[in-house]
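Below is one structure; the comments refer to it alone.
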Amino acid sequence: MVVERETVRDIPKKADNMSEWYTAVALKAELADYTPIRGFMAIRPYGYALWEAIQSWLDRRFKETGHMSAYFPLLIPESFLQKEAEHVEGFAPQVAWVTRGGDEELAERLVVRPTSEAIILPMYAKWIQSYRDLPVLLLQWNSVVRWEKSTRLFLRTSEFLWHEGHTAHRTEDDADSECRLILGIYKQLLEEIMAIPVLVGTKPPSERFAGATNTYTLEALMPDGQAIQAGTSHFLGQNFAKAFNVKFLDSDNQEKYIWSTSWAVSTRLIGTLIMAHGDDRGLVLPPKMAPYEVVIVPILGKQEDPQVLAAARALAERLRGRFRVRLDDREAYTPGWKFNEWELRGVPVRVEIGPRDVASGQVVLVRRTGLTKDAVSTDAAPEAIATALNEIQQEMYSRAKVYLDSHTTAAATLDEAVERLQERRGFVKVGWCERQECEDTLREKSGASPRVIPLDERPSGETCVVCGRPATVWMYWARAY
RNA sequence: CGGGGCGUAGCGCAGUUUGGUUAGCGCGCGUGGUUUGGGACCACGAGGUCGCCGGUUCAAAUCCGGCCGCCCCGACCA
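Heads up: take any position in the first sequence, counting from 1, add 1330, and you land on this note's numbering.
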């Protein structure tokens, strides 16, 4: 049975204006809030729990693959940022400066880190002497500041939380393998935990991280047909090694520069999650991400109250070791109010238990996806919940995957590509000759940007969509966040 | 950065055009009672530097100037 309802809505319809819908959901689901400082948000406990889900899963994978956490300073001397030319050019316009300490003007200005290569590489120079010191595999969980002109909760804020991985390797191959290893971990996070399918590959030179030789990326598609970069893994080559003079003595007694990588995902993923799965009732959380997988709502009514409450509590206790459970026994709210609130907040499974259920030894299971109601016997509830959570996770991924696939199309002509990109019909796959002028032409005509060059897929005889020369790579385009 | 909109109680708003006693309404909040299977009801009550600064005036939420912040569209941006 599906519940039909016309009711007051706290949020606009998603299809009407996704931006307004997005902001309303982030605020009303109590994920985040504005602060007195422009561009800086507060992440509320329910939102931070989503970040913790990402953190705990990733951190486990990082440790399993030999990485360790470390910590480096918040502030970086200006002269260090200057050492890698492209790097400083990319970030200088966006950094916040510290110019005074207490009463004294600083001899050298400090930047609040926009990313930490410029402070970590100098430390590598102290720590790495021999090939026996390699690889160095570390990361830090921290926040960075980039002074943004316009901001959106989670999607673009002046300060954001992330981890930044930084590794140093003996050979080019080792460093590239590291990038690909991390890319795979990110892909698994997105697809298996967050239920968001992604395209993976590399960025064209114009879109690379400032100072990188190659940038691997994961791109997700939002319901408005725009792409969003979900994570990056940068092959830095020896650029930073040379800029910061990080060398080691190899087994052949030759002094060589290290090969380095850096990689990150940020709290922007939470914005991606909201948009990817939410609906007109609010947030929809994949079970593996949900702070509460199950909410139990007792239906209280007069004389049966004690029995209903006791049954609800007993059920909560039974479920606790196995699921993340919230028993909503607040007396001030009616069941209907709670249903709406927990739907707005995206809890995957709701269990209703009232006098009639207690009498018949059952509970009612309601899934956030579809809002179908099923009565199951109390004894069978844990198994039924486990099944429901599993199915919801799969269903959410499948739905998103169908959307991605149906909004990823190949275009053989320039007109066709431009039209689809302007209309935001998702990813458009075109052949490219790898000449900058062809990329620029498509950019100007479409208003979109190249998002990703797939890794294992090469044209065979196709032509560049702009100039008609032989295509050397495929490139997926879209308008982007 | 450009265009548009907004800022009055925790939230949503009216009042501003045409200045005038003590600034209103709904929701929410507190207390008491009745309620509770899809956003309950009654009664009483608490809650305001009208975004900030300055100006005009006997008098400013209201008029004038400046500033700040947020939202939407666009530009820019790893």
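Using N, Cα and C, we set each Cβ at its ideal position, and we do this for glycine too.
Opposing strand residues paired with residue i [DSSP bridges]
i	result
Leu1529	Glu1549
Thr1591	Thr1497 and Phe1565
Met1371	Tyr1364
Trp1762	Val1803
Phe1757	Thr1738
Leu1405	Val1442
Gln1470	Glu1494
Val1625	Arg1656 and Arg1680
Lys1703	Val1696
Glu1434	Gly1431
Gly1612	Asp1609
Met1453	In the DSSP output, where bridge partners are listed per residue, Met1453 has none listed.
Val1782	Tyr1806
Environment of residue i [buried if 16+ CB atoms lie within 10 Å]
i	result
Gln1559	buried
Gly1700	exposed
Glu1447	buried
Leu1380	buried
Pro1678	buried
Gln1723	buried
Ile1367	exposed
Thr1664	exposed
Gly1761	buried
Glu1769	buried
Tyr1546	buried
Lys1668	buried
Gly1561	buried
Tyr1454	buried
Trp1457	exposed
Ser1409	exposed
Arg1650	exposed
Own chain residues within Cβ distance below 6 Å of residue i, not counting five before or after
i	result
Ala1689	none
Leu1467	Gly1396, His1397 and Thr1497
Gly1676	Leu1613, Val1614 and Leu1615
Thr1771	Val1796
Asp1610	Lys1343 and Lys1344
Arg1486	Glu1478
Arg1500	Tyr1461 and Leu1464
Trp1593	Gly1495, Ile1512 and Ser1563
Glu1787	Trp1804
Val1333	The pLDDT assigned to Val1333 is 31, lower than 50, so where the model puts this residue is not dependable; a value taken from the coordinates is nonetheless given after this. Cβ neighbours of Val1333 beyond the five flanking positions: Leu1701.
Pro1784	Gly1531 and Trp1804
Arg1538	Thr1545
Expected contact under 8 Å - CB spacing of residue i and residue j to nearest Å
i	j	result
Ile1600	Phe1490	At roughly 10 Å, the Cβ-Cβ gap does not stay under 8 Å, so Ile1600 and Phe1490 are not in contact.
Ala1540	Phe1565	Between Phe1565 and Ala1540 the Cβ distance is about 14 Å, and since that is not below 8 Å, they are no contact.
Ile1604	Ile1683	Ile1604 to Ile1683, Cβ: 30 Å. No contact.
Leu1734	Leu1436	The pair is not a contact, with the Cβ atoms about 49 Å apart (cut-off 8 Å).
Ser1596	Trp1492	4 Å
Gly1608	Val1355	6 Å
Thr1591	Cys1509	5 Å
Ala1400	Tyr1376	Incorrect: roughly 30 Å between the Cβ atoms, too far for contact.
Chain-order list of residues whose beta-carbon lies under 8 Å from that of residue i (same chain, five-residue window excluded)
i	result
Ala1714	Leu1695, Asp1704 and Val1706
Glu1521	Pro1527, Val1528 and Tyr1727
Pro1444	Phe1421, Gln1424, Val1425, Val1474, Val1475 and Arg1476
Met1331	In this predicted model, Met1331 has a pLDDT of only 27, less than 50, meaning its place in the structure is not dependable; the value taken from the coordinates is given anyway. Around Met1331: Thr1702 and Lys1703.
Leu1411	His1417, Val1418, Phe1421, Ala1422, Val1425, Val1441 and Ala1448
Same chain, Cβ closer than 7 Å to residue i, neighbours up to 5 away in sequence not counted
i	result
Thr1365	Met1371 and Ala1372
Asp1687	Val1693 and Val1694
Ile1406	Leu1440, Val1441, Arg1443, Ala1448 and Ile1449
Asp1659	Pro1628, Leu1639 and Ala1642
Ala1573	Lys1413 and Glu1414
Thr1481	Gly1369, Thr1487 and Ser1488
Arg1773	Ser1779
Arg1754	Asp1554, Gly1555, Gln1556 and Arg1809
Leu1657	Ile1626, Ala1642, Arg1643 and Ala1646
Gly1567	Thr1543 and Trp1589
Phe1570	Glu1414, Glu1447, Leu1451, Gly1541 and Ser1590
The ligand HEM heavy atom lying under 7 Å from the CB of residue i
i	result
Lys1586	In terms of ligand content, the structure shown is empty, and the ligand HEM therefore cannot be addressed.
Checklist entry - Taking three-plus beta-carbon pairs below 8 Å as touching, is the stretch 1752-1760 in contact with the stretch 1790-1808? => result yes
Item to check | the stretch 1617-1627 contacting the stretch 1577-1594, beta-carbon criterion three pairs below 8 Å | outcome: no
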